[in-house]
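Residue numbers (the numbering used here), protein chains in the order written: chain A, 175 to 597; chain B, 175 to 597.
Built from N, CA and C at the ideal position, the CB exists for glycine as well.
The model shown is predicted, which means the values in this text are computed figures rather than measured ones.
Worksheet: the structure to be examined is printed underneath.
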């Protein structure tokens, strides 16, 4: 697929560092506001945000299918409703406007007016999420959990290699980066108690995930095939699926995690389009046993996205605790979406799908404290000499991600959230 | 609590049968349209719908906090955003307008214009559902499932008597009564196969539930106590949580049901306010062991609502297969909502909470085919001589519910959906 905005030779008249995560080849979408403006759609380039409402007002999109109102909104959904091809055309247009080749003085003058330094803006949750689904698609993560809590000899459950296992999460408590998280209280069953107690969780954990956001899918009763799936995916973000392990342990049999997860899930604010990620598409790990027909796919459907997690404590500089990669996932997004809809379940514009914890093959690439500190037996050392088995009050968890090849870096920024003490 | 609209002595100038489910003491809210009008808010009385948009246009609500636009909407949410006290005032006002004591000719003339026979309207999904949560709060149901699939001697899982167990469901596939359901396809693992197969479900089942719809709750990080809970509940509906047992069996460990449930859930179209149900409040079954503090409650928080399920097949008259009651639920709605938010999880206007399958103490009061036909060992006899272990293609499942005392019947109408063959 040739997408003009992805041309690695493109350069922008907007100044940015050569190693920026937001070169002209990225152009992610988000929702921002300033001291004086309402919430609107922006596109990031270098350390600036291009105000699409302004640009649309100037008439640069007048031959596209969008209305100016699509860009003065608290969420990306109205813009996204126009679908994949329209968004591709829009991104190509923005690329052309920001390209060095575009020498019209008037255009630059207007665009300068619409170009706002990121220091002057405030970001918020980019999409109004209809439904949030979380998958469990890292074989290494599922194996680690199985080894720790079940049988090391049979770590994976019988269905795991057949099904991209997923479950429904809570949309209301998905929050934007920088929004703090309150330590949840709940029922915990200490091993030596006959009865559960009610207390703040002592095992608050992060889960390193990526999320993808969908366009409107098909009608209820119809399915999306693996070959169609990417046409229904708008883009990706970083995602921290906060978890309370002690609450989870007591509540999750037989219907799955509930209060252990729904107190908060944090997403990064820039949605990097799947189009921008095409140059980083790569092979999915070999799947053995052979998957059922509806899960078969062709081509490169995984993405090489380098990820890291850091913990920052008050008066202690940040410590990177994990380096992983999205390409490790056993099940790819096309398979997840095909599975999700194979029973006729409908997806809607703005739905969010979490990948599940992204753990790599080595202990320093695991995607949760549960695994990194191996159930508390191998605490993580912090620069100030303290240890972490789980996340402490006032710790900030920061996740970052980017792709890189041919000297071009396509980044996601970060998702960052501080844990506050229980109320 | 004295709510004027609940006065059993009230009579309406609108003609209706003495045994109607929709007397002036009910006044449930829903969304309707006609051949000539857009979707708007209506209140049911007898076999008529009162068009609130018209009534508001006439100025009868001008001293209340609602705008006329709140009533010309595809969902009840904008009206509901005004909160419990405003809705109570609105229902009291509508009661006054429809009361026989109201003798103003002009009022009656206007109201007659706004009174539309139900034969001339089409109902649709009443609320835009933010998140849908399903509980598992019938002890009889949980016990039956435990006896069938686990250990009869330890049928209830260890957490069941401590936690109002719940899990997140899919909001996008919640549909209104009369909307057909397509038999889902999915992975099924026959006992004698090493590998799963992909096929239409052979075990499509209903689950007799009631749903409650919430007002906006508190901010993320805060909790709703059992004593506050009812102030955040707008009303109730009948709810059929369609389930595919064979898909469920293979997929649900460890993260809970997913494709076995999210192909469709059907709700009835009239939301009966919790206010209208107050005269039918009753005691919750004794809870032993004593629940944790945050789950304790005072007063009558359960509701005596008689329920029935019927199956209708083509060329075969309907067969009532279950008669149950909402009052059997071990955990009440106030406990469910307190539990759901005790970790700080936020609920929003229009969220839907399913009760879980409502099974009573006797085999004819079970709330699913799985239990009624006891895993297929006791098939249900139909009037045409055929048998049912699960739901067959073209069967229609009908659920009905009402309360009754002092000669007053408060009903929910029905939720009715036909199962169509797999695509």
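In this structure, the alpha-carbon of residue 471 of chain A lies about 53 Å from that of residue 478 of chain B.
In the DSSP assignment, residue 429 of chain B falls outside any alpha helix (DSSP H), carrying neither H nor E. Close to chain A, meaning a Cβ-Cβ distance shorter than 9 Å, are the following residues of the region 352-382 of chain B: 353, 354, 355, 356, 357, 358, 359, 360, 361, 363, 369, 370, 371, 372, 375. Sixteen is the threshold: since fewer than 16 other Cβ atoms of the shown chains lie within 10 Å of the Cβ of residue 551 of chain A, the residue is exposed. Under the Cβ criterion (8 Å, minimum of three pairs), the region 252-269 of chain A counts as touching the region 442-456 of chain A. Beyond the five residues adjoining it in sequence on each side, residue 370 of chain A comes within less than 7 Å, by CB distance, of 361, 362, 363, 424 in the same chain, given in chain order. Annotation note: the region 521-569 of chain B contains the following uninterrupted alpha helix (DSSP H) runs of length 4 or greater, listed N- to C-terminal: 543-546. Contact check for residue 428 of chain B against residue 331 of chain A passes: the beta carbons are separated by less than 8 Å. The C-beta distance from residue 439 of chain B to residue 416 of chain B rounds to 6 Å, short enough to meet the 8 Å contact threshold.
Around the beta carbon of residue 197 of chain B, 16 or more other beta carbons sit within 10 angstroms, so the residue counts as buried.
When C-alpha distances from residue 528 of chain A are compared across A:307, A:206, A:247, A:481, the shortest belongs to A:307.
Boundaries around residue 585 of chain A are those of the beta strand (DSSP E), 582-594, since no alpha helix (DSSP H) includes it. What residue 438 of chain A touches in chain B, judged by beta-carbon distance under 8 Å, is 394, 518, going in chain order.
Residues of chain A with a Cβ closer than 7 Å to the Cβ of residue 522 of chain B are, in chain order, 346. The closest CA to that of residue 463 of chain B, considering only B:506, B:543, B:333, B:344, is found on B:333. If the five residues before and after residue 484 of chain A are omitted, its C-beta is found closer than 7 Å to the C-beta atoms of 492, 493, 494, 495, 572, all from its own chain and listed in chain order.
For residue 421 of chain A, the enclosing alpha helix (DSSP H) starts and ends at 419-425. Those residues of the region 447-478 of chain B placed with their C-beta closer than 8 Å to a C-beta in chain A are 463, 466, 467, 468, ordered along the chain. Contact check between the region 320-330 of chain B and the region 284-292 of chain A: fewer than three CB pairs, one atom from each, fall below 8 Å, which does not count as touching. Taking 8 Å as the CB threshold, residue 188 of chain A stays off the interface with chain B.
The Cβ atoms of residue 460 of chain B and residue 476 of chain B lie no closer than 8 Å to each other.
Just so you know, the alpha carbons of residue 352 of chain B and residue 345 of chain A end up roughly 27 Å apart. Chain order gives no chain B residues near residue 250 of chain A, where near means a beta carbon separation below 7 Å; the closest approach is about 18 Å. DSSP, reduced to helix, strand and coil, places residue 312 of chain B outside both helices and strands of the structure shown, so it counts as coil. Taking each of A:299, A:359, A:219, A:377 in turn and checking the Cα distance to residue 248 of chain A, the smallest one comes out for A:299. The residues 213, 296, in chain order, have a CB closer than 6 Å to that of residue 207 of chain A in the same chain once the five nearest residues on each side in sequence are set aside. Of the candidates A:388, A:310, A:497, A:217, the residue whose Cα lies closest to the Cα of residue 272 of chain A is A:217. Under a 10 Å Cβ-count criterion, residue 228 of chain A is classified as buried, with 16 or more other Cβ atoms of the shown protein chains found around its own Cβ. Burial check for residue 489 of chain B: the Cβ neighbour count within 10 Å stays below 16, so the residue is exposed.
Beta-bridge analysis with DSSP links residue 385 of chain A to A:411, A:528. Here the alpha carbon of residue 391 of chain A sits roughly 23 Å from the alpha carbon of residue 266 of chain A.
For residue 191 of chain A, there is no enclosing alpha helix (DSSP H), as DSSP gives it neither H nor E. For residue 528 of chain A, there are no neighbours in chain B by C-beta distance under 8 Å, as the nearest C-beta there is about 12 Å away. The C-beta distance from residue 510 of chain A to residue 311 of chain A rounds to 7 Å, short enough to fall under 8 Å. Around the beta carbon of residue 374 of chain A, a 10 Å sphere encloses 16 or more other beta carbons of the protein chains shown; the residue is thus reported as buried. In the DSSP annotation of this structure, the continuous segment of the beta strand (DSSP E) that includes residue 214 of chain A starts and ends at 214-219.
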